[in-house]
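FYI, in the UniProt record's numbering the residues of the sequence shown are 1 to 188.
Ideal placement from N, C-alpha and C gives every residue a C-beta, glycine not left out.
I have placed the structure first, in the form of structure tokens, so that the comments after it can refer back to it.
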Amino acid sequence: MSAAQPRHALTLTCQFVIGKSFADHKAVLSRANLRRWVQAAQLADAELTLRFVDADEGQELNRSYRGKDYATNVLTFAYAQDESDPVMGDIVLCCPVVEREANEQGVTLEAHYAHLIVHGVLHAQGYDHEEDDEAEEMEALETEILAGLGYADPYASEKTAAPRKAAPRKTAATKTTKTTAPAKPRRA
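And the structure:
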């Protein structure tokens, strides 16, 4: 995503339903950072909502929409039915999970939020990682976008490990939930 690319129109809504214990998260999640991360991954005009939640809401959403009874890092609700529809979606990030993962991975909270927001925005545009070839394409795009933002490759440790099988990766908890018929991947 080079700086020479034209900017796409963006309507961005941010919702914080996290308590005082996540004040350090809000400090990282400035409006300017959020807009910069979203725009870096944006391949078309978009109307997106970023919602930052606690573990209870994260677990409830994951249970209701995926049938999995635990809080996950990010859920993307993409509303496009096909390629001609505008990009519209809700991206829900569970703050305690994001913090735990950042600590486990030895990355800053800022870098992990940037990665998960880029990841969620790509999901909202139709990208997925259910199959290995899709995962490789999406991970390569994420890595390129994050490098352009000044962040390290979030998949570097996986790339130096043994070749992966078709088993779930660390992002397997990340899920796109489409409320309508699945959209085909959007390309710039």
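Its Cα nearest to that of V17, the residue G58 stands out among G58, T108, V38, L34. With contacts defined by Cβ atoms closer than 8 Å, E142 and H115 form a contacting pair. Residues of the same chain with a CB within less than 7 Å of the CB of D133, apart from the 5 flanking positions on each side, do not exist.
Taking one beta carbon from each stretch, the segment 26-40 and the segment 101-114 have 3 or more pairs nearer than 8 Å; the two touch. Judged by DSSP in its simplified three-state form, T143 adopts helix. Rounded to the nearest whole angstrom, the C-alpha separation of D90 and L10 is 13 Å. Each residue's CA atom was taken as its position, placing D82 and T13 some 23 Å apart.
The Cβ atoms of L50 and L61 do not sit closer than 8 Å to each other.
In terms of CA proximity to D56, N73 leads the group A32, N73, L149.
Annotation: the continuous alpha helix (DSSP H) that includes T160 extends over 156-160. Cα atoms of V98 and D85: separation of roughly 30 Å, rounded to the nearest angstrom.
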